[in-house]
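All residue numbers in the sequence shown are consecutive under our numbering, ending with 1425. Yeah, the Cβ is synthetic: ideal placement off N, Cα and C, and Gly gets one too.
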Amino acid sequence: MIKPFILIVSIVILIAGLICAFIYLRKAKGIASFDKLMICLYFPLAIWSSIYFVVCIIYAGFTLSLIWIWPALAIFCFVRIKMIRSAAEGRRRHAPKWAKIAYRTVVVVLLIFFLFIESRVVDAMTATPPADLDYVIVLGAGLNGTEPTNPLRVRIKRGAEYLEENPGTVLIASGGQGCDEVISEAQCIRDQLVSVYGIEESRIILEDASRDTEENLANSLKIIGDPKTSVGIISNGFHEYRALMIADAVGYENVCSVPATTLLPVGIHYIVREFFGVVECMIKYR
1140 MIKPFILIVS
1150 IVILIAGLIC
1160 AFIYLRKAKG
1170 IASFDKLMIC
1180 LYFPLAIWSS
1190 IYFVVCIIYA
1200 GFTLSLIWIW
1210 PALAIFCFVR
1220 IKMIRSAAEG
1230 RRRHAPKWAK
1240 IAYRTVVVVL
1250 LIFFLFIESR
1260 VVDAMTATPP
1270 ADLDYVIVLG
1280 AGLNGTEPTN
1290 PLRVRIKRGA
1300 EYLEENPGTV
1310 LIASGGQGCD
1320 EVISEAQCIR
1330 DQLVSVYGIE
1340 ESRIILEDAS
1350 RDTEENLANS
1360 LKIIGDPKTS
1370 VGIISNGFHE
1380 YRALMIADAV
1390 GYENVCSVPA
1400 TTLLPVGIHY
1410 IVREFFGVVE
1420 CMIKYR
């Protein structure tokens, strides 16, 4: 039920933003048609970003990485609205034509690049994995004491579902013990699979020395031994595309996405944030 609710709320906010834009434009004079269109985009985006920032803080706090994206986007939109009106009213010099063309070209190129990356992220997070994989790897995602965090909990659930549907598959529980964790993430994954889902312990292999996704996958490949073995990566959907990139970089030759749930509403932030993670991977593994 949460997804339709979030969609409805987002639509209401966007409509409210459009109403604000129309009211604003009624009071503004001399604004060109293209700039009016941009204001009708900036207002809803600014209001939505501001509200979503508050939602993220309520759900995850200020520790959420790159949370500044949303207030920065809102401020940018409001500044652009102010700049457009100031130029139309003669209180600010119009930028040279070449500068406008350059600015708009850069914005369009960046937007196309962003949408391309996000399309790949969404494609991986909605993929249907093949049946009867030799191995699936559940990537660790932090603990609360000995209990999994919500992102890890849905990964464990997805691993259990896949094992139940594919009796010949072996699962590698991957994740070391952080400085603030009581047990390793791998042990937590195994314990949950056995105690909560009734998975046979013999079908679970521990990889409990890794500290990040690259080590998760590199250490798991050492356990598997053969890079051509069919392997599925179980992570939250938004993270799957980057995990596949890393898997390819460390030597996997037959790997696929087995996406777990992307938790909403904070999942929207994770999906957008993933753009920066993917770009970082492109630079690192080019």
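- DSSP, read as helix, strand or coil, puts residue 1235 in coil.
- Classified as exposed, residue 1306 has fewer than 16 neighbouring CB atoms from the shown chains inside 10 Å of its CB.
- 1355 is the residue among 1391, 1355, 1183 whose C-alpha sits nearest the C-alpha of residue 1374.
- Going by beta carbons, residue 1399 and residue 1297 fall inside the 8 angstroms limit.
- In the three-state scheme derived from DSSP, where H, G and I count as helix and E and B as strand, residue 1340 is classed as helix.
- Secondary structure at residue 1335: coil, using DSSP grouped into helix, strand and coil.
- Scanning its chain for C-beta atoms nearer than 6 angstroms, with the 5 sequence neighbours on each side dropped, one finds around residue 1333 the residues 1340, in chain order.
- DSSP, reduced to helix, strand and coil, places residue 1167 outside both helices and strands of the structure shown, so it counts as coil.
- Note on residue 1218: under 16 other CB atoms within 10 angstroms of its CB, so exposed under the neighbour-count rule.
- Rounded to the nearest angstrom, the gap between the Cα atoms of residue 1205 and residue 1412 is 7 angstroms.
- Annotation for residue 1275: the continuous beta strand (DSSP E) segment containing it runs 1274-1278.
- The secondary-structure analysis by DSSP pairs residue 1405 with nothing; it has no beta-bridge partner.
- Only residues of its own chain outside the window of five on either side were considered, and among them 1356, 1360, 1366, 1370 have a CB closer than 8 angstroms to the CB of residue 1391, listed in chain order.
- Here residue 1263 really is in contact with residue 1383; their C-beta atoms are around 6 angstroms apart, less than 8 angstroms.
- Look at residue 1358 here: in three-state DSSP terms it is helix.
- In the three-state reduction of the DSSP assignment, residue 1349 falls in the coil class.
- Across the set 1213, 1326, 1199, the C-alpha of 1213 shows the shortest separation from the C-alpha of residue 1189.
- Going by DSSP, residue 1298 is part of the alpha helix (DSSP H) stretching over 1289-1304.
- Scanning 1267, 1385, 1248, 1274 for the CA closest to the CA of residue 1421 turns up 1385.
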